[in-house]
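Reading through the structure tokens given below for one structure.
Number of protein chains: 2
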Amino acid sequence: MAMHDVTIEKTIMALLEEKKYQTLKDILVTMEPSDIVSVFEELKEDRMPLLFRLLPKETAAEVFAELDHDWQALLIKGFSDTELREVVNELYVDDAADLVDEMPANVVKRILAQADPQMRKEINQILSFPENSAGSVMTTEYVSLRPMMTVAEAIVRIRRTGIDKETIYTCYVTEERKLLGVVSVKDLLLASNDDTPVSEIMDENVISVNTLTDQEEVARMFSKYDFLALPVVDRGGRMVGIVTFDDAMDILQEETTEDIEKMAGMLPSEKTYLKSSSFELFRNRIPWLALLMVSATFTGIIITGFENALAAQVVLTAFIPMLMDTGGNSGSQASVTIIRALSLGELEFKDMPKVIWKEIKTSVLCGVSLASLCFLKIMFFDRLVLGNTGIDLPTAAVVCVTMAVTVLMAKLVGCSLPMIAKKIGFDPAVMASPFITTIVDALSLLVYFKIATAFLF
Amino acid sequence: MAMHDVTIEKTIMALLEEKKYQTLKDILVTMEPSDIVSVFEELKEDRMPLLFRLLPKETAAEVFAELDHDWQALLIKGFSDTELREVVNELYVDDAADLVDEMPANVVKRILAQADPQMRKEINQILSFPENSAGSVMTTEYVSLRPMMTVAEAIVRIRRTGIDKETIYTCYVTEERKLLGVVSVKDLLLASNDDTPVSEIMDENVISVNTLTDQEEVARMFSKYDFLALPVVDRGGRMVGIVTFDDAMDILQEETTEDIEKMAGMLPSEKTYLKSSSFELFRNRIPWLALLMVSATFTGIIITGFENALAAQVVLTAFIPMLMDTGGNSGSQASVTIIRALSLGELEFKDMPKVIWKEIKTSVLCGVSLASLCFLKIMFFDRLVLGNTGIDLPTAAVVCVTMAVTVLMAKLVGCSLPMIAKKIGFDPAVMASPFITTIVDALSLLVYFKIATAFLF
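Keeping their order, the protein sequence lines are chains Y and D.
Heads up: the first sequence at position 365 corresponds to 364 in numbering that gives the first Met the number 0, and the numbers run straight through without jumps.
Heads up: the second sequence at position 100 corresponds to 99 in numbering that gives the first Met the number 0, and the numbers run straight through without jumps.
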């Protein structure tokens with residue numbers, strides 16, 4: 000049933016080689032645009048324009064909108080002005096704006112020259128909003144109704160104007176562009192009387208966003224309210240466009256990927272992995288690697304400060320990785336949990352006391368369990384099985400007490416830093432594993448050596 | 000515009016104390032179900048049944064469906080049989096099945112006793128599918144049309160039967176329960192002729208899923224194809240239900256949270272952070288912490304094996320944390336990138352050679368840059384500024400060469416383990432930071448001491 004099969008792609012390429020164009024047309028008409036895009040991505044560059052011209056007009060625009068910007072540029076280069084006009088004016092205006100935003104200046108000039116005047120005006124409007132704002136991701140094509148229309152008149156209007164709209168299922172009731180209410184096609188179709196005015200069945204409690212609302216906030220509202228579309232209004236409460244659920248879903252995925260990349264100490268990237276060059280991957284990864292490496296100077300200084308103690312009791316060194324890693328893992332668990340909860344909107348800064356108290360209790364449970372397990376491991380496995388006779392009871396005790404203290408500190412640092420970052424306007428996702436690990440490393444070494452010097456020397 | 004304001008919650012609680020029930024009804028009728036749920040979550044338990052009874056019937060069912068299972072159980076306990084019947088039969092059948100799945104046996108008995116026979120049958124059907132399968136998350140309420148109906152007849156049918164359906168916008172054309180095609184309300188409304196048979200305008204290339212398809216795969220298809228609903232068919236190609244986009248969006252969010260939890264070395268949990276007890280957090284976190292702590296035995300053994308070298312050249316110890324952390328961070332970057340790409344469906348096992356080659360190039364760039372930076376840091380900062388005279392040129396060289404080798408190894412381990420895990424049927428998300436760090440730690444220490452003993456002694 001699912002079309003994302005490798006064999007379909009091979010079949011298409013074979014038919015293309017054999018110039019079986021009618022057969023290709025017959026196949027393409029049965030396929031979903033996303034699946035056609037997958038086929039395009041496997042094609043050699045010079046084959047693409049040919050296959051593109053075999054697509055039905057409407058599908059062609061949908062496929063074009065989903066293609067990578069590089070491929071779009073390539074196709075446009077080969078288009079005649081007529082072909083370009085057909086594709087551009089068939090696009091939804093948000094996709095057209097996206098295209099104009101990404102193409103080089105000379106291509107933009109050609110695109111705008113071929114766009115209808117109305118389309119050109121709307122593209123420019125969308126591009127005037129700041130990046131990642133609701134205004135920049137909205138579309139200006141929606142169904143608007145008047146409050147005094149009857150249900151029957153509204154349905155007639157939808158049937159007349161719906162063809163170019165990205166969604167017809169949510170209609171907006173406006174008067175002099177003021178947003179008065181919202182009514183769904185379901186409400187209209189299921190209305191008991193065709194003569195009821197729209198103003199009587201519309202929902203006046205419209206949830207809307209501002210043109211400047213951040214796209215992440217917009218996407219979150221979709222997953223909270225399960226809307227098909229969300230109206231975008233300007234400061235004067237005048238309706239300017241809608242964001243549709245499919246765009247919201249894409250935003251949600253992108254923002255999550257960004258969060259995950261930041262959590263792993265990388266600069267976020269808009270390109271997929273396979274499309275990023277090694278140099279781009281390097282550029283995204285090196286800043287945090289370098290910064291964290293340099294900050295390891297602190298742990299170096301701490302160890303150097305206790306060089307004499309370590310020389311006298313070399314066995315202490317063997318436990319450094321275990322203590323550091325357990326601290327790092329404990330801290331990451333807390334920080335990642337908090338970062339995700341913040342990004343899903345489940346936590347706010349005011350919950351901080353509750354969070355800290357919960358983490359204290361959790362880390363006491365974790366710390367005591369790990370310390371006990373560690374004690375058994377050291378005394379029985381390391382000492383008896385491995386025969387590491389340098390380990391005595393006091394050493395084991397020092398390691399285990401450090402373990403418990405480290406877990407406590409790690410969880411406290413891990414849970415509080417993301418919340419503080421969010422409060423002071425930084426991105427909490429940065430306060431994840433790598434950053435927390437570096438702090439916890441230094442703290443755990445300090446605790447380790449302080450306890451060791453107090454008890455062992 | 001957005002209703003998720005703290006003040007609304009306070010107003011409602013105040014009105015409840017003052018017994019202003021009519022005012023409360025007037026407010027509640029203007030609110031979105033999700034926002035009412037937020038208010039409920041702030042209420043004292045004994046206030047909830049009272050507020051619930053003030054809700055309009057339809058909203059009550061929606062609010063009920065979104066509540067936590069604990070709160071649902073509490074409400075049901077207080078319901079009369081009549082109240083329970085009203086709520087249960089107003090629920091969409093997928094929500095009802097979810098409820099039955101989560102309640103204790105005695106409550107389930109009461110619920111099923113009050114459900115209509117048809118509802119009871121459909122609940123049982125949904126519950127018969129394995130957890131996390133398409134069958135278990137679908138709803139059996141959808142609009143079905145016959146191929147020979149005209150457009151006008153189809154619209155009449157939708158208007159007559161649509162009221163109980165979760166979505167009316169995608170209609171399924173069936174004959175003897177076989178799925179023949181799909182037609183949207185948009186297609187029907189915009190059809191040029193009311194007498195055209197549905198079979199002529201329907202799309203026969205229906206993308207569907209099987210009852211046993213994993214819910215994650217289902218959710219991915221939604222974000223790929225931007226569908227409003229996806230039909231679920233049984234082995235015989237008979238249509239049994241649909242999954243709607245809002246459920247798919249929830250699944251996507253849940254699965255991502257699970258991935259993130261696993262990547263940070265935790266067992267995934269279905270409860271939100273604030274609702275999890277400290278003991279539950281402990282139970283989710285301790286297994287990986289303990290396992291990883293015990294596996295640090297290897298790094299301990301490696302260090303013990305080079306105890307004499309370390310005693311002779313204590314300054315080597317000071318660089319252990321920096322080398323370990325940089326290795327861990329490099330490996331996490333690669334593994335997390337690959338895990339996310341796998342989960343978004345951007346990568347497959349067959350891409351492994353490309354991935355490895357890309358990571359080799361990236362790690363050479365990262366490794367050489369970090370090693371150079373590290374050399375400068377050691378020779379100028381550690382040696383001259385901090386006055387650490389134990390560091391000489393050969394030591395610095397050993398540290399920097401180890402750095403470059405560690406980065407290379409870390410990225411290779413980090414990119415290949417998740418892909419191998421996926422190939423052999425394990426969850427790639429587990430192959431993230433904590434696991435990779437443990438492996439890379441041992442590898443980097445081995446390389447460090449081997450190079451050190453070769454060059455320094």
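Think of the CB as a built atom: it goes at the ideal place given N, C-alpha and C, for glycine as much as any other residue.
Nothing here was measured: the structure is a model prediction, and the numbers come from that model.
Taking C-alpha positions only, alanine 310 (chain D) is separated from lysine 421 (chain Y) by approximately 45 angstroms. Where glutamate 216 (chain D) is concerned, the enclosing alpha helix (DSSP H) starts and stops at 214-224.
Methionine 102 (chain Y) and leucine 73 (chain Y) do not touch by the CB rule: their CB atoms are close to 11 angstroms apart, not below 8 angstroms.
Within chain Y, the residues placing a beta-carbon under 7 angstroms from that of arginine 339 (chain D) are Thr256 and Ile259, ordered along the chain. Excluding five sequence positions before and after valine 136 (chain Y), the CB atoms of its chain that fall closer than 8 angstroms to its own CB belong to Asp93, Gln214, Val217, Val242, Asp246 and Ile250, given in chain order. Taking a Cβ-Cβ threshold of 8 angstroms, none of the residues of chain Y is close to glutamine 71 (chain D); the smallest such distance is about 19 angstroms. Contact residues of the region 302-333 of chain D toward chain Y are Ile302, Thr303, Glu306, Leu309, Ala310, Val313, Val314, Thr316, Ala317, Phe318, Ile319, Pro320, Met321, Met323, Asp324, Thr325, Gly327, Asn328, Ser329, Ser331 and Gln332 (C-beta to C-beta distance below 8 angstroms). At least one beta carbon of chain Y lies nearer than 7 angstroms to the beta carbon of proline 433 (chain D).
Contact annotation for glycine 264 (chain Y) against chain D: Asn328, Ser331 and Gln332 [CB-CB distance below 8 angstroms, chain order]. The region 224-271 of chain D contains, as complete alpha helix (DSSP H) runs of 4+ residues, the segments 244-262 (chain order).
Under the Cβ criterion of 7 angstroms, cysteine 365 (chain D) is counted among the residues facing chain Y.
For leucine 383 (chain Y), the number of other beta carbons within 10 angstroms of its own is below 16, and it is reported as exposed. Against tyrosine 224 (chain Y), the close residues of chain D are Glu31 and Ser33, in the order they occur along the chain (beta-carbon pairs closer than 8 angstroms). Threonine 388 (chain D) sits in coil when the DSSP states are folded into three classes, being neither helix nor strand. DSSP places threonine 169 (chain Y) inside the beta strand (DSSP E), whose first and last residues are 169-174. Under the Cβ criterion (8 angstroms, minimum of three pairs), the region 140-159 of chain Y counts as touching the region 176-192 of chain Y. Within chain D, the residues placing a beta-carbon under 9 angstroms from that of valine 184 (chain Y) are Ile167, Tyr168, Val184, Lys185 and Leu188, ordered along the chain. Look at proline 393 (chain Y) here: in three-state DSSP terms it is helix. In the DSSP assignment, the residues bridged to lysine 177 (chain D) are D:Glu174 and D:Arg237. Using a Cβ-Cβ cut-off of 7 angstroms, leucine 27 (chain D) does not count as an interface residue toward chain Y, since no Cβ of chain Y sits closer than that to its own. Only residues of its own chain outside the window of five on either side were considered, and among them Thr452 have a CB closer than 6 angstroms to the CB of alanine 308 (chain D), listed in chain order. Around alanine 295 (chain Y), the beta-carbon contacts reaching into chain D at under 8 angstroms are Pro320, Met321, Asp324 and Thr325.
In the displayed model, threonine 138 (chain D) falls within a strand according to three-state DSSP. Contact with chain Y is absent for glutamate 121 (chain D), since none of that chain's Cβ atoms lies less than 7 angstroms from the residue's Cβ. Counted as a single uninterrupted DSSP element, the alpha helix (DSSP H) harbouring arginine 339 (chain D) occupies residues 319-342.
The three-state reading of DSSP puts threonine 149 (chain D) in strand, counting E and B together.
Threonine 29 (chain D): not part of any alpha helix (DSSP H); DSSP gives it neither H nor E. With distances taken between CA atoms, serine 331 (chain Y) lies nearest to Y:Thr437 out of Y:Val184, Y:Thr437, Y:Phe448 and Y:Val197.
Taking valine 231 (chain Y) as the centre and dropping the five residues before and after it, the same chain places the C-beta of Ala133, Met137, Val208, Thr210, Val239 and Gly240 closer than 6 angstroms to its C-beta, in chain order. When secondary structure is reduced to three states using DSSP, asparagine 209 (chain Y) falls in the strand class. Between the region 410-417 of chain D and the region 329-346 of chain D there are three or more inter-stretch CB-CB distances shorter than 8 angstroms, so the stretches are counted as touching. If you draw a straight line from the Cα of alanine 190 (chain Y) to the Cα of arginine 52 (chain Y), it is about 44 angstroms long. Close to methionine 137 (chain D), with beta-carbon spacing below 7 angstroms, lies no residue of chain Y; the smallest spacing is near 15 angstroms.
The three-state reading of DSSP puts proline 103 (chain D) in coil, since its state is none of H, G, I, E or B. Three or more beta-carbon pairs separated by less than 8 angstroms are not found between the region 312-328 of chain Y and the region 380-398 of chain D, which leaves the two stretches without contact. In the structure shown, serine 275 (chain D) adopts coil according to DSSP, grouped into three states.
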